[in-house]
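Working notes, structure below.
In my numbering, the protein residues as written are 1 to 401.
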C-alpha cells in the first residue's frame, strides 16, 4: 500500500507557517531550538497529515489526489505528545474539519504575532445550537478560513448566516423575534477567546458575552453579509445597497470608490433619468440614483443593465472591499449566499483562490446548493444540510470530493 509522505520542503513549509509551534489548541509548544552541538539545532515537531498519507490511515483520504495529500495545505504541525493523540482510535476524536479549524486558527495567530501585531487578529471558531426550531439540540459547526454550507433551498443555511451576524448587529434577526425556542453560542477570538450566547425570549434578543448580560457584542467582530442582489422593491440603487450592506450613504459612496479590479474599473452613483425609471410609479420625494459600472473591458453600464452574474460579481467585490477595510482594525467574517448572486462556478473560482490565500485576512462562509466536482476543495470546510427523520434539519461535515 503506497504512502504519500510530505517532502522535506513541504514539511518545512508546514512548520514555518505554524511558527514551529504546536497547533493543538492551548499547547503552542515551541518545537525547535539549539541542540547540544553548537553548530546545529533540534526539531521535535511533526508534520501530521489531516487527510491520511495512506488509504487506511486515520480520517481517510477524502478522494484527494496523491499531490493533494502531500501538499502543505493538508498538513498540521504538532509537538510529539499531540502528534500521537490526534491519530489514536482511527482519528475519531479529531476529524478532518476539526484539524482544519485548528490549523487555520493557529496560522492566524502566528501571522498576527509575526506582523508585529499590526494586523487585527480574530477568528470565529464555532456556532453551537442549544435550542432552535430548525436543528437538533447541540448541532455544531466548526468554522475554518473558508467554510461552505451546502444544501438545497430551505434547509437552514441562511438561518445559520443570520444567527452568526449577531457578532456585529441584530438587524438580521428580526424575523426570529417571534420564535421562543432559539438559543445558540458563538465561540470566537478577538483576539482573546470569547463566547457570545444569543437567546430569543418574549420578542427580545438576550445576549450574554462571557456570561455577562449585554445589549450588544463588545468584543467586536465585524460581519459582512451579502445575502442577495438587494431588495427588488427599492428602486433607488443608492438606497438599495445602503439597505443591503447596512451602511449609511456617505460610507457607501466612499466604499464603492475603492473598488477596482481586473473586472471593474470604477463604480459611482448618478441620478437616474425619468425615462429609465418607467417601473417606478410612486411619488418621488428625493432623487433616484443608479449605480454606474465601468468595466475593465471598457464598457460602461448601469447596474440594472448588467447580467445577473455580473451584478453578483460587482456586489461581491463591494463586500470584499468592505471586509478588507474592516480587517485592518478587527476580525471580520464575510458571509456570501452564492446562489442568490447568480455567479457561475467559472466566475467564482478566482475569488475562492483569493479567500484561501494567506494574504486575505478575513474569514469567509459561502452557501450553495452544491459543489461541482472539478472545483479545487483542499483546505475548505464543507458542511452538508439535509432533512432528518424528526422534522428538522441535520448538518454534518462532509469529506472532500
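Using N, Cα and C, we set each Cβ at its ideal position, and we do this for glycine too.
A quick note: this is a predicted structure, and the numbers were derived from the prediction, not measured.
Quick one: what's got a C-beta closer than 7 Å to residue i's C-beta in the same chain, skipping five residues either side?
i	result
residue 323	224, 332, 334, 362
residue 253	269
residue 15	45, 47, 77
Tell whether a beta-carbon distance below 8 Å holds between residue i and residue j.
i	j	result
residue 130	residue 137	yes
residue 315	residue 226	yes
residue 329	residue 296	no
residue 205	residue 170	yes
residue 208	residue 167	no
residue 128	residue 51	no
residue 200	residue 177	yes
residue 4	residue 70	yes
residue 122	residue 18	no
residue 221	residue 188	yes
residue 402	residue 290	Because residue 402 is not part of the residues shown, which for the chain are 1 to 401, the question remains open.
residue 195	residue 180	no
residue 336	residue 373	no
residue 149	residue 369	no
residue 341	residue 229	yes
residue 182	residue 132	yes
How far does the beta strand (DSSP E) with residue i in it extend, from its first residue to its last?
i	result
residue 266	264 to 271
residue 197	193 to 201
residue 49	46 to 49
residue 332	332 to 337
residue 294	289 to 295
residue 300	300 to 302
residue 222	222 to 226
residue 155	Per DSSP, residue 155 belongs to no beta strand (DSSP E) and is neither H nor E.
residue 373	Where residue 373 is concerned, there is no enclosing beta strand (DSSP E), given that its DSSP letter is neither H nor E.
residue 385	381 to 387
So, helix, strand or coil for residue i, using DSSP?
i	result
residue 393	strand
residue 343	coil
residue 209	strand
residue 74	helix
residue 33	strand
residue 64	coil
residue 178	coil
residue 351	helix
residue 165	helix
residue 189	strand
residue 160	helix
residue 149	strand
residue 252	helix
residue 173	helix
residue 280	Interpretation of residue 280 is limited by its pLDDT of 49, a score under 50 that renders its predicted location unreliable; the figure taken from the coordinates is listed afterwards. Residue state, collapsed to three classes: coil.
Report the rounded CA-to-CA distance for residue i versus residue j, giving the unit in angstroms.
i	j	result
residue 395	residue 288	43 Å
residue 94	residue 49	12 Å
residue 83	residue 59	14 Å
residue 343	residue 134	28 Å
residue 153	residue 40	58 Å
residue 256	residue 237	12 Å
residue 313	residue 35	53 Å
residue 63	residue 57	13 Å
residue 151	residue 338	12 Å
residue 75	residue 350	23 Å
residue 23	residue 234	48 Å
residue 159	residue 387	15 Å
residue 280	residue 306	Residue confidence is low: residue 280 scores 49 on pLDDT, short of 50, so the model does not pin down where it sits. Its coordinate-derived value is still stated next. Residue 280 and residue 306: Cα-Cα distance of roughly 19 Å.
residue 198	residue 30	37 Å
residue 87	residue 67	21 Å
residue 276	residue 392	In this predicted model, residue 276 has a pLDDT of only 48, less than 50, meaning its place in the structure is not dependable enough to derive any value.
residue 213	residue 219	13 Å
residue 248	residue 161	22 Å
residue 193	residue 272	48 Å
residue 186	residue 304	38 Å
Which residues in the same chain as residue i place their Cβ atom closer than 6 Å to its Cβ, once the five residues preceding and following it in sequence are excluded?
i	result
residue 381	97, 100, 144, 147
residue 278	Low per-residue confidence applies at residue 278: pLDDT is 46, beneath 50, and the placement is therefore not dependable enough to give any value.
Which stretch, first to last residue, makes up the alpha helix (DSSP H) that contains residue i?
i	result
residue 43	Unbroken run through residue 43 is the beta strand (DSSP E), 41 to 43; no alpha helix (DSSP H).
residue 110	96 to 114
residue 241	237 to 245
residue 122	That residue, residue 122, is in no alpha helix (DSSP H); it is neither H nor E in DSSP.
residue 136	Careful: residue 136 lies outside any alpha helix (DSSP H) and carries neither H nor E.
residue 319	308 to 326
residue 363	It is not in any alpha helix (DSSP H) - residue 363 instead sits in the beta strand (DSSP E) that spans 363 to 368.
residue 8	8 to 17
residue 83	80 to 85
To which residues of the same chain is residue i closer than 8 Å at the C-beta, ignoring the five residues directly before and after it?
i	result
residue 9	none
residue 7	70
residue 258	321, 325
Mind checking whether the beta-carbon of residue i lies closer than 7 Å to any heavy atom of the ligand ATP?
i	result
residue 191	In the structure shown, the ligand ATP is absent, as is every other ligand, since no ligand is present at all.
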